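Sequence order for the protein chains is A, B and C.
Just so you know, the numbering used here puts 213 at position 213 of the first sequence, and the rest follows in order with no gaps.
Just so you know, the numbering used here puts 80 at position 80 of the second sequence, and the rest follows in order with no gaps.
Just so you know, the numbering used here puts 32 at position 32 of the third sequence, and the rest follows in order with no gaps.
Ideal Cβ placement from N, Cα and C applies to all residues, glycine included.
For clarity, every value in this text was computed on a predicted model and none was experimentally measured.
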Amino acid sequence: MLEVTLDKAKLQELVKLLGADRRLVAPVADKQGTVFSEITDPSLVCLDAVNTTLSPKEVVFPQWETLYTFEGDRVTKTEPQIEETVLFGVRPCDARAFELLDRVFTWDGVNDPYYLKRREKTLVVALACNVPGEACFCSSVGGSPAGESGADVLGFDLGDRLLLRALTKRGEALLKSASSITTPATPEEKEAAQKAVTEAEKRLKPVAVPEDLEALKGSFDAEIWKELGLKCLGCGVCAYACPTCHCFDITDETRKGVGRRVRSWDTCAFSLFTLHGSGHNPRTTQDARYRQRVLHKFLYCPENFGEAFCVGCGRCVTNCPAGLDLRAVLERLASMAKAT
Amino acid sequence: MDPITNPYVPYPVRIDEVTIENDERDLKTFKLVFVDSEHAKAFDYIPGQFAELSVLGKGECPIGIASSPTEEGYLLFTVKKTGVVTGELHSLAEGKIIGVRGPLGKPYPIERMKGKNVVIVGGGFAFTTLRALTQYMIADANRGDFGEITVIYGARSPGELLYKEELKAWEARDDLTTVITVDKGDDAWKGREGFVPTILEEVAPSSKDALMAVCGPPIMIKFTLPVIDKLGFAPSDTILSLEMRMKCGIGKCGRCNIGSKYVCKDGPVFTLEELKALPAEF
Amino acid sequence: MSQAEDALRKEVRKLFENKTIDLFVGHEAAGVPLKTSACFLSSADEVERLVWNASCAANLAVYLPQLFKRPQGARGEWNPPKVGVVVKGCDSRSIVGLIKEKQIPRDRLYLIGVGCEGMIDRHKAAKALGAVGLAEAKIDGTSVHIIGTDGTQRSFESEEILADSCRECRHRSAVLSDVVLSEASEQPPESSRYTDVSDFESQSPDERWEYLVSELSRCIRCYACREACPNCYCQECFADETAPKWLGVTTDLSEVFAFHLGRVLHQAGRCVDCGACVAACPQGINLRLLNQKVNRDVEELFGVESNLSLDEAEALLSFKMEDDQSFMTEP
Numbered sequence: 001m002l003e004v005t006l007d008k009a010k011l012q013e014l015v016k017l018l019g020a021d022r023r024l025v026a027p028v029a030d031k032q033g034t035v036f037s038e039i040t041d042p043s044l045v046c047l048d049a050v051n052t053t054l055s056p057k058e059v060v061f062p063q064w065e066t067l068y069t070f071e072g073d074r075v076t077k078t079e080p081q082i083e084e085t086v087l088f089g090v091r092p093c094d095a096r097a098f099e100l101l102d103r104v105f106t107w108d109g110v111n112d113p114y115y116l117k118r119r120e121k122t123l124v125v126a127l128a129c130n131v132p133g134e135a136c137f138c139s140s141v142g143g144s145p146a147g148e149s150g151a152d153v154l155g156f157d158l159g160d161r162l163l164l165r166a167l168t169k170r171g172e173a174l175l176k177s178a179s180s181i182t183t184p185a186t187p188e189e190k191e192a193a194q195k196a197v198t199e200a201e202k203r204l205k206p207v208a209v210p211e212d213l214e215a216l217k218g219s220f221d222a223e224i225w226k227e228l229g230l231k232c233l234g235c236g237v238c239a240y241a242c243p244t245c246h247c248f249d250i251t252d253e254t255r256k257g258v259g260r261r262v263r264s265w266d267t268c269a270f271s272l273f274t275l276h277g278s279g280h281n282p283r284t285t286q287d288a289r290y291r292q293r294v295l296h297k298f299l300y301c302p303e304n305f306g307e308a309f310c311v312g313c314g315r316c317v318t319n320c321p322a323g324l325d326l327r328a329v330l331e332r333l334a335s336m337a338k339a340t
Numbered sequence: 001m002d003p004i005t006n007p008y009v010p011y012p013v014r015i016d017e018v019t020i021e022n023d024e025r026d027l028k029t030f031k032l033v034f035v036d037s038e039h040a041k042a043f044d045y046i047p048g049q050f051a052e053l054s055v056l057g058k059g060e061c062p063i064g065i066a067s068s069p070t071e072e073g074y075l076l077f078t079v080k081k082t083g084v085v086t087g088e089l090h091s092l093a094e095g096k097i098i099g100v101r102g103p104l105g106k107p108y109p110i111e112r113m114k115g116k117n118v119v120i121v122g123g124g125f126a127f128t129t130l131r132a133l134t135q136y137m138i139a140d141a142n143r144g145d146f147g148e149i150t151v152i153y154g155a156r157s158p159g160e161l162l163y164k165e166e167l168k169a170w171e172a173r174d175d176l177t178t179v180i181t182v183d184k185g186d187d188a189w190k191g192r193e194g195f196v197p198t199i200l201e202e203v204a205p206s207s208k209d210a211l212m213a214v215c216g217p218p219i220m221i222k223f224t225l226p227v228i229d230k231l232g233f234a235p236s237d238t239i240l241s242l243e244m245r246m247k248c249g250i251g252k253c254g255r256c257n258i259g260s261k262y263v264c265k266d267g268p269v270f271t272l273e274e275l276k277a278l279p280a281e282f
Numbered sequence: 001m002s003q004a005e006d007a008l009r010k011e012v013r014k015l016f017e018n019k020t021i022d023l024f025v026g027h028e029a030a031g032v033p034l035k036t037s038a039c040f041l042s043s044a045d046e047v048e049r050l051v052w053n054a055s056c057a058a059n060l061a062v063y064l065p066q067l068f069k070r071p072q073g074a075r076g077e078w079n080p081p082k083v084g085v086v087v088k089g090c091d092s093r094s095i096v097g098l099i100k101e102k103q104i105p106r107d108r109l110y111l112i113g114v115g116c117e118g119m120i121d122r123h124k125a126a127k128a129l130g131a132v133g134l135a136e137a138k139i140d141g142t143s144v145h146i147i148g149t150d151g152t153q154r155s156f157e158s159e160e161i162l163a164d165s166c167r168e169c170r171h172r173s174a175v176l177s178d179v180v181l182s183e184a185s186e187q188p189p190e191s192s193r194y195t196d197v198s199d200f201e202s203q204s205p206d207e208r209w210e211y212l213v214s215e216l217s218r219c220i221r222c223y224a225c226r227e228a229c230p231n232c233y234c235q236e237c238f239a240d241e242t243a244p245k246w247l248g249v250t251t252d253l254s255e256v257f258a259f260h261l262g263r264v265l266h267q268a269g270r271c272v273d274c275g276a277c278v279a280a281c282p283q284g285i286n287l288r289l290l291n292q293k294v295n296r297d298v299e300e301l302f303g304v305e306s307n308l309s310l311d312e313a314e315a316l317l318s319f320k321m322e323d324d325q326s327f328m329t330e331p
C-alpha cells in the first residue's frame with residue numbers, strides 16, 4: 001500500500017487539506033491535558049501527548065445523542081445529521097478499539113444505525129507511538145504501538161518527518177489528495193519507521209493478562225473482589241475514559257409534550273445500573289460491580305467475541321481517583337489462574 | 001429510518017382494550033393493535049419472546065408477550081404497575097397510542113417440545129408468557145404437534161389469578177389438564193388450596209418424554225426446582241424465563257447480562273442447565 | 001522512608017497488637033507515580049503497605065460509611081468493626097461531618113492525626129513536565145524529582161505543584177483525633193483565604209458567566225466528583241432520581257449547571273475543601289470555586305467554618321435566633 005513522507009513543518013498544511021471538506025477532530029491542548037476536539041484551526045493540533053485524557057470513542061459513540069424526537073404520542077424524527085469526519089492523531093490502541101466496538105454494534109445481525117453511520121463517515125488517521133504512555137500495555141492485549149486495525153492511515157513520527165502509510169482504499173485516496181505536499185517514502189525512511197516501532201515495543205512493560213477463561217470463571221467468588229470493591233468509589237471515570245466501554249442508558253426528556261429519547265453513557269460501576277423496578281438489584285456491592293467490569297472485558301467478551309475488550313491504553317489507571325490499577329488486578333488474576 | 005430498519009424506534013400501537021386482572025388493580029392486560037399493517041406483518045413472534053413497551057416521554061419497559069401468534073390481529077401484554085413507565089401506562093385509556101419494540105429475545109423451544117408432553121408451571125403474574133405458550137399449543141392448528149399438556153398455575157389468592165376467562169376455558173377442555181391453586185382461598189373459592197410446589201408434587205406429572213416450562217417469583221422457583229428435580233426432569237429439559245433490568249433489549253447497552261449471556265438476546269428463556277453454567281448474579 | 005511514615009507504621013502495628021482496632025484505613029502506593037490508593041489493613045503484618053507523603057491526597061473519610069454497614073447476608077448479631085484511620089486536617093473535618101450526620105459512629109473510630117504540609121496535584125506535575133506522562137517520581141523532603149515517560153527529568157519544590165485547596169488551607173492538623181503523631185509546621189495567613197473567590201467576584205457578570213461556561217462545558221457527567229466526596233453518601237442522588245426527574249442525563253449546559261449547582265448547594269456549610277473533587281475530575285474543572293464561594297457566604301452569614309468541631313452544628317442543619325436574615329427578600 002501507498003507510503004509517503006511529510007515534512008513536519010508541513011503538518012498544519014496536511015491537517016488543513018484533510019479537513020477541507022470534512023469535520024476535523026484532533027488532539028488539542030486543554031487545561032488539564034490533551035483532548036480530542038472538533039477544530040477548524042490546524043495550528044491547534046497538539047501531538048505532544050502520548051494520549052488524550054478521554055478516548056476518541058465520542059466521535060462514533062457520543063456521550064449522548066438523540067435517538068429520535070417525538071411530539072405527543074408520535075415519533076417525529078429519527079435521522080441524525082452526521083458529517084464526513086476525519087479523526088486525526090489517534091493512537092493505534094484507540095483505532096483498534098473501533099474494531100472492537102464494531103462487533104457489539106453489529107452483533108447477531110442487529111445493526112445500530114447511529115453508531116454505524118458515524119463510523120462509516122469517519123476517516124481514521126492514526127499515529128504510531130514512539131514512547132509508551134504512563135500506564136500503557138497495548139502489546140499485552142494483542143495490540144501494538146504501531147497496530148493497524150481500525151485505521152485508514154497510520155503515521156510514524158521520524159523526528160523531522162512523518163511517514164504515512166495507507167491501510168485502506170479510503171486511506172490511499174486521502175494520501176493521494178495530499179500528493180502536493182508529500183513525497184514517496186524512501187527505503188531508509190521505511191526502515192526508520194520500523195526501527196521506531198521496535199524501540200517503542202521494547203519500552204512497554206509487559207502485563208500478565210489472564211487468558212485461561214475457565215480459570216477466570218473460577219475467580220468469581222475469590223476474595224480479591226472484596227478488597228477491590230472497598231477501594232472502588234463507583235464513579236464512571238474508567239468507563240467514560242475507556243475506548244471500548246459501550247454501556248448506555250436510554251431516557252426520555254419532554255417539555256409540554258415535545259421531547260426526545262436520548263441515549264447516554266452509563267457504566268456497570270454505578271450502583272443503580274442494574275436496579276430493577278421492583279427494588280431488587282443483582283449487584284448490590286461494589287465488589288460485584290467492579291468484578292463485572294473486569295470479567296466483562298476479560299472473560300465475557302472473549303467468550304462472545306473471541307477477544308478481550310481492552311486495548312491497553314491505560315486511561316483507567318491514570319484517571320482513577322481511587323488509585324486502582326487494572327494491570328495489577330490482571331496480574332493477580334493471571335497468577336491465581338496459574339495456581340489452580 | 002423507520003421502525004422496521006431501526007431497532008430503537010417503536011412501532012405505534014393503539015390500546016384496544018384494557019382488562020384489570022386483579023383485585024388490587026395493579027395488574028392490567030393491554031390489548032394492542034398495530035396502527036400500520038406493515039408493522040403487524042414485521043412483528044412475527046413466538047411464545048416466550050418479549051417486547052419493549054414504549055410510552056413517549058416516560059420511557060420503555062420490557063414485558064413478556066402474553067398472547068400467542070395464533071391469536072391474530074392483536075398483542076396482549078400484562079403489566080404490573082411498578083414505576084414511572086408502568087405507572088403512566090396504567091393511566092392510559094383505550095384508544096391511546098403507545099409503542100412496541102420487538103419481538104425480542106429467545107422464545108420457548110417449541111421445536112423441541114413437538115412430539116413431547118409439556119408441563120407448564122406458573123405462579124403469580126409471571127404466568128404471562130406461559131399463557132402465550134399454552135394458547136399456542138392448544139390452538140387447533142398446533143394441538144396435534146404436542147403430547148399431553150399439563151398446566152399448573154397458582155396465585156396468592158383467587159383475586160390475584162390472571163386470565164380468569166382463559167383459565168375457565170382451559171378447564172372446560174379435555175385435551176389438556178388444568179390445575180389451578182391459590183395459597184389461600186376465600187369463601188367463594190371452590191378449587192385447590194396450596195403453594196404451587198406442593199400442588200406440583202401432588203399432581204406429579206411424568207417426566208418421561210416431557211419438558212417442563214416454569215415461571216414465577218424467585219421464592220416460588222426456589223421451592224419448585226427441587227420438586228422438578230425429584231420428579232425426574234433433567235436440567236436440560238427444565239425451561240425458565242428470567243427478568244432483568246433492560247434498556248435497549250437488543251444486546252448493545254450492556255445492562256442485562258448474567259456472565260456472558262444477555263437476558264434480552266440469549267434469553268429470557270433459558271434451560272436450567274444453561275443457568276447453572278452462569279455466575280450466581282441474578 | 002520518612003520519619004512520619006515510620007512513626008505511622010509503628011503506631012498502626014501497636015494498634016493491631018493491642019487489639020485496639022480490627023481494620024486500618026490508610027494510603028498505599030498506586031501503580032503510577034505520585035498517586036496513592038486507599039488500603040484496608042486487617043493485621044499488623046500488612047503495615048509495610050502504608051505510606052505517608054505528599055501524594056497522599058485522597059480524603060479517606062469517603063471510604064468509612066461502607067465499613068459500618070451491615071454486610072448483605074449477615075445473620076444475627078453483627079458488630080461494626082473498630083476502624084483506625086490516618087487523618088490530615090481535611091480528612092478529620094470530613095469525619096466530624098459524617099459523625100454529626102450519623103453516617104459513622106465516633107466510638108468505633110480510632111483517628112491518628114498527622115500534620116500535612118500540603119499535597120501534590122499530580123495533574124500539575126504532569127502538565128509542568130510537558131504532555132508526557134509520569135514514569136517515575138520521588139518525593140524527597142519538600143522536593144519532588146520526576147522522570148517523564150520520554151526520559152525528561154525535572155525537579156520541583158512541592159510548593160510549585162501543590163493542589164489549589166492546599167494553598168489556602170488553614171487546618172493542616174487534625175481537628176479530631178485519638179492520637180497525634182505530628183502537627184503541621186506552618187499555616188498560611190488569613191489573607192490567603194478565598195483568593196479565588198475574591199478574584200472571581202471582582203469580574204463582571206458576563207466574565208463570570210463566560211468562565212463558568214468554559215469550565216462546566218467540559219463536564220462529561222462521570223460523577224467522579226460526587227463519588228470522591230465524603231459528603232455525597234446519598235443512596236440515590238438527586239441527579240439520578242427518576243420520580244421526580246429533576247434533571248436529564250445529557251451534557252447540555254443547562255443539565256450540567258443544574259447538577260453542579262445542586263451539588264454545591266447540598267455542600268453548603270459541609271464542604272471542607274479537601275480537593276478530592278478537583279483531583280478526581282478527569283476534565284480539570286475548577287469545581288472548588290463555587291463551593292468556596294458558598295463556604296465563604298456561610299461563614300459570613302452564620303459565622304461557621306465547616307466541620308471544625310463535633311460540638312458545632314452544621315450551619316444549614318440548625319437554626320439560631322440571631323442568624324442573619326438580610327438575604328431574605330420581601331414577598
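Exercise for review: Give, in chain order, every residue of the segment 267 to 297 of chain C whose Cβ lies closer than 7 Å to some Cβ of chain A.
Suggested key: A279, A280, P282, Q283, G284
Review point. Is the CB-CB distance between C/E17 and C/A44 below 8 Å?
Key: yes
Exercise for review: Indicate whether C/S37 and C/C274 have their beta-carbon atoms separated by less than 8 Å.
Suggested key: no
Check your understanding: According to DSSP, what are the bridge partners of A/T182?
Key -> Listed as beta-bridge partners of A/T182 by DSSP are A/L6.
Point to revise | Contacts of B/P279 in chain A (Cβ-Cβ under 7 Å) | key: Simply F220.
Review point. Considering A/T52, what are the terminal residues of the alpha helix (DSSP H) in which it resides?
Key: Taken as a continuous stretch (DSSP letters only), A/T52 belongs to no alpha helix (DSSP H), as it is neither H nor E.
Check your understanding: Which class does C/H266 belong to by DSSP, given the choice of helix, strand or coil?
Key -> Note: C/H266 maps to helix in three-state DSSP.
Point to revise | Alpha-carbon spacing of B/Q135 relative to B/D174, whole angstroms | key: Approximately 14 Å between the Cα atoms of the pair.
Check your understanding: So with Cβ pairs under 8 Å, would you call A/T274 a contact of chain B?
Key -> yes
Practice item. Using a threshold of 8 Å, state whether the C-beta atoms of C/L261 and C/V197 are closer than that. Key: no
**Study point:** Cutoff 8 Å; reference C/V96; Cβ partners in own chain excluding five residues on either side
**Key:** V175, L176, N307, L308, S309, L310
Exercise for review: Would you kindly work out how many angstroms separate the C-alpha atoms of A/D221 and A/T285, rounded to a whole number?
Suggested key: 13 Å
Point to revise | Limits of the unbroken beta strand (DSSP E) element including B/I149 | key: 149 to 155
Practice item. Kindly list the residues whose CB is nearer than 8 Å to the CB of B/R192, restricted to its own chain and excluding five residues on each side of it in sequence; keep chain order. Key: Within the same chain, B/R192 has close Cβ partners V179, I180, T181, V182, I199.
Check your understanding: Between which two residues does the beta strand (DSSP E) harbouring A/R91 extend?
Key -> Neither: A/R91 is in no beta strand (DSSP E) and is coded neither H nor E.
Exercise for review: Quick one: measure Cβ to Cβ for A/G143 and A/R96, integer angstroms, because I've assumed they're closer than 8 Å.
Suggested key: 5 Å
Review point. By Cβ distance, which residues of its chain are closer than 7 Å to C/R226, with the 5 residues on each side in sequence left out?
Key: C232, C237, R263
Review point. Exposed or buried, C/A239, counting other C-beta atoms within 10 Å across all chains shown (16 or more means buried)?
Key: Taking all protein chains shown into account, C/A239 has 16 or more neighbouring C-beta atoms within 10 Å of its C-beta and is therefore buried.
Point to revise | B/W189 - partner residues in DSSP beta bridges | key: In DSSP, B/W189 forms no bridge with anything.
Check your understanding: Cβ of B/L56 within 8 Å of Cβ of B/S67?
Key -> no
Review point. Going along the chain, which residues of its own chain have a beta-carbon closer than 6 Å to the beta-carbon of C/S42, five neighbours each way excluded?
Key: L23
Review point. Which first and last residues belong to the alpha helix (DSSP H) in which A/Y290 is found?
Key: Note, A/Y290: alpha helix (DSSP H), 286 to 295.
Review point. Just curious, the beta strand (DSSP E) that C/P141 is in, first and last residue?
Key: Before going on, a small fix: residue 141 of chain C reads as Gly here, not Pro. Note, C/G141: premise wrong, no beta strand (DSSP E); not H, not E.
Review point. Which residue comes first and which comes last in the beta strand (DSSP E) that contains B/P12?
Key: 11 to 20 is the span of the beta strand (DSSP E), which, as asked, contains B/P12.
Point to revise | Burial state of C/H145, where buried means 16 or more other Cβ atoms lie within 10 Å | key: So C/H145 counts as exposed.
**Study point:** Within 8 Å, strictly: CB atoms of A/L14 and A/L24
**Key:** no
Review point. Going along chain A in order, which residues have a C-beta closer than 9 Å to the C-beta of B/Y8?
Key: L67, Y68, T78, D112, P113, Y114, I250, R261, R263
Exercise for review: Would you mind listing the beta strand (DSSP E) stretches within the segment 70 to 116 of chain B that are 3+ residues and don't spill past its ends, in chain order?
Suggested key: 75 to 80, 97 to 104
Practice item. For A/R283, return the contacting residues in chain B, with the cut-off set at a CB-CB distance below 8 Å. Key: E281
Review point. Looking at A/L101 and A/T244, is the spacing between their C-beta atoms short of 8 Å?
Key: yes
**Study point:** Residue from A/V50, A/D112, A/L116, A/P80 whose Cα sits closest to the Cα of A/V90
**Key:** A/V50
**Study point:** Where the beta strand (DSSP E) through C/C281 begins and ends
**Key:** Per DSSP, C/C281 belongs to no beta strand (DSSP E) and is neither H nor E.
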